[in-house]
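Quick notes on the structure that follows.
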Amino acid sequence: MDLVSKLQSNHDLTDAEFLALLSDDSFDEALCKAADRVRREVYGDEVFLRGLIEFSNYCKNDCFYCGIRCKNANVERYRLSTEEILECCDTGHKLGFRTFVLQSGEDMAFSDDKICEIVRLIKSKYPDCAVTLSIGEKEKETYRAFKQAGADRYLLRHETATEEHYRKLHPENLSLSHRKQCLYNLKELGFQVGAGFMVGSPGQTLEHIVADFRFLQDLKPDMIGIGPFIPHKDTPFGNEKAGDFILTLRILSILRLLFPYVLLPATTALGTIHPTGREEGLKHGANVIMPNLSPAKFREQYSLYDGKICTGEEAAECRRCLEVRVKSAGYRIVNDRGDVRK
Ligand code: SAH
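Here our numbering is used: the first residue of the sequence shown is -17, the next is one more, and so on.
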């Protein structure tokens, strides 16, 4: 049996087979076709939207790849008030969004109680919506409080599953084992969990990507966020090259075949390195898009990497633009919470 069919029927391959798939473009057409077939079996032509609210760019961490790292003095820092966050939700809800993702740096000014209060407010105003948090590593008891406040989902990319690679990307005080533990804790607490990694981050090898697959097989997340690494000028990786577009698409297809049910976003980073990156992402197995609902005046400041798209548009414009893009790729946006179909 050829590798693509084997992956599709077994949802697994040997390390050597994964490496072969990752390194050889002759499989790409078959991979893409198989991934699209599987996504249509599970999710039809539906594309789920997540309204992303980047509510603070303050961060206590100094991740070497990230533009809002604490040591970057060139960032103009901002925080949204509770009222501003609720306004973003209001705008989003009117536009048909039924999931809100609250993302930020690790900003200690937002206490656990404050986050719980915001979650409770959103859930009581919009009981038909899912709330996702993406605010970094916390203690298990804090995650439990978030869950009790009504948070449904949590996104925490593991970034890389390989210890030595993790060390190249992060300062001493952060650890891969803690990050992984956070993900297991979140799962145990009943969150729908999203993990993921950057493609082409400095020092990444194809073996590291296979290790990411193995970690994901163990974790079994509901969502997997992957996108190309893109350098940011004010980071130690400012002169590194961006992750490869084709390799990112190939990995999306592999992930769809490995985890047929998984929620797989066509990320903003993918749309940044190629003009129709998100459309291609959808055609290669992705089924989620996360448009920005943050107030337009702050978008420029939530700059994780250089050249980020959609920083100038209002939410309504984004929604219209995506409608056309998704349709052109052969899919359809639905106004739905977009829960995982396991
Ligand atoms: N503080 C939160 C949110 C992080 S930002 C947390 O720790 O989870 C969301 C994601 O953006 C990160 O997990 C990382 O994978 C991605 N990211 C950061 N810098 C990037 C860059 N230079 N290129 C591409 N993606 C990047």
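For glycine and all other residues, C-beta sits at the position ideal for the given N, C-alpha and C.
Given 7 Å as the limit, tell me if Ile212 has its C-beta closer than that to any heavy atom belonging to the ligand SAH. Counting from 1 along the sequence shown, the entry for residue 212 is found at position 230. Within 7 Å of the C-beta of Ile212 there is at least one heavy atom belonging to the ligand SAH.
Would you list the residues sitting across from Val101 in a DSSP beta bridge? On the sequence shown, residue 101 is found 119 positions in, with the first residue counted as 1. For Val101, which the question treats as bridged, DSSP gives no partner whatsoever.
May I have a chain-ordered list of the beta strand (DSSP E) segments no shorter than 3 residues that lie completely inside the segment -10 to 35? 28 to 31
Within the chosen definition, does the segment 130 to 137 reach the segment 166 to 180 through at least 3 CB pairs nearer than 8 Å? The segment 130 to 137, when compared against the segment 166 to 180, does touch it at the 8 Å Cβ threshold.
Sequence ranges, alpha helix (DSSP H) only - wholly within the segment 143 to 175, length at least 4: Correct list: 145 to 151 and 158 to 170.
With a cut-off of 8 Å on the beta carbons, I'd call Ile255 and Phe219 a contact; round off their distance for me. For the purposes of this step, residue 255 is taken as the residue at position 273 of the sequence shown. For the purposes of this step, residue 219 is taken as the residue at position 237 of the sequence shown. Ile255 to Phe219, Cβ: 15 Å. No contact.
Gln174: beta carbon under 7 Å from a heavy atom of the ligand SAH? By one-based count along the sequence shown, residue 174 stands at place 192. Not so, every heavy atom of the ligand SAH lies at least 7 Å from the Cβ.
Nearer than 7 Å: is that true of the beta carbon of Leu286 relative to any heavy atom of the ligand GTP? Only the ligand SAH can be found as ligands here, which leaves the ligand GTP out of the picture.
Rounded straight-line distance, which links the Cα of Arg59 to that of Lys279: By one-based count along the sequence shown, residue 279 stands at place 297. By one-based count along the sequence shown, residue 59 stands at place 77. Taking the straight line from one Cα to the other gives about 12 Å.
Write down every uninterrupted run of the beta strand (DSSP E) in the segment 78 to 132 whose length is 3 residues or greater and which is fully enclosed by it, in chain order. 81 to 86 and 112 to 116
From the DSSP secondary-structure annotation, give me the bridge partner or partners of Gly312. On the sequence shown, residue 312 is found 330 positions in, with the first residue counted as 1. Answer is none; Gly312 lacks a bridge partner.
Limits of the beta strand (DSSP E) - the one that Lys233 falls within: Counting from 1 along the sequence shown, the entry for residue 233 is found at position 251. Looking at the sequence provided, one finds Ile at residue 233 rather than Lys. Note, Ile233: premise wrong, no beta strand (DSSP E); alpha helix (DSSP H) at Phe227 to Leu240.
Report the rounded CA-to-CA distance for Leu62 versus Arg22, giving the unit in angstroms. Numbered from 1 along the sequence shown, position 80 holds the residue referred to as residue 62. Numbered from 1 along the sequence shown, position 40 holds the residue referred to as residue 22. If I take the Cα positions, the gap works out to 38 Å.
Residues that DSSP places opposite Glu141 in a beta bridge: Locating residue 141 in the sequence shown gives position 159, counting from the first residue. BP columns for Glu141 point to Phe179.
Could you say which of Glu88, Gly267 and Gly118 lies nearest to Leu239 if we only look at CA atoms? Counted from its first residue, the sequence shown places residue 239 at position 257. Leu239 has its Cα closest to that of Gly267, out of Glu88, Gly267 and Gly118.
State the CB to CB distance for the pair Ile291 and Thr250, rounded to an integer number of angstroms; the pair is presumed to be in contact (CB under 8 Å). For this step, residue 291 is matched to residue 309 along the sequence shown. For this step, residue 250 is matched to residue 268 along the sequence shown. Between Thr250 and Ile291 the Cβ distance is about 6 Å, and since that is below 8 Å, they are a contact.
Between which two residues does the alpha helix (DSSP H) containing Ile191 stretch? Indexing the sequence shown from 1 puts residue 191 at position 209. Where Ile191 is concerned, the enclosing alpha helix (DSSP H) starts and stops at Leu188 to Leu201.
Candidates Glu141, His214 and Asn56, of which the one nearest Gln186 by Cα: Numbered from its first residue, the sequence shown carries residue 186 at position 204. Per the Cα distances, Glu141.
Between the alpha carbons of Gln130 and Thr124, how many angstroms are there, rounded? Walking along the sequence shown from the start, residue 130 turns up at place 148. Walking along the sequence shown from the start, residue 124 turns up at place 142. When rounded, the distance between both Cα atoms is 10 Å.
Of the choices Lys76, Thr73 and Leu231, whose alpha-carbon is the least far from that of Lys15? As a first step, residue 15 must be located in the sequence shown, where it is residue number 33. Residue Leu231 is the option with its Cα nearest to Lys15.
For the 8 Å Cβ check, are there 3 or more pairs between the segment -5 to 5 and the segment 25 to 37? Output reads no: the segment 25 to 37 does not touch the segment -5 to 5.
Answer yes or no: do Leu156 and Glu145 have a C-beta to C-beta separation smaller than 8 Å? If you number the sequence shown from 1, residue 156 lands on position 174. If you number the sequence shown from 1, residue 145 lands on position 163. Cβ distance not < 8 Å, so Leu156 and Glu145 don't count as in contact.
Smallest Cα separation from Leu34: which of Ala55, Phe9, Leu68 and Arg307? Counting from 1 along the sequence shown, the entry for residue 34 is found at position 52. Minimum Cα distance to Leu34 is reached at Leu68.
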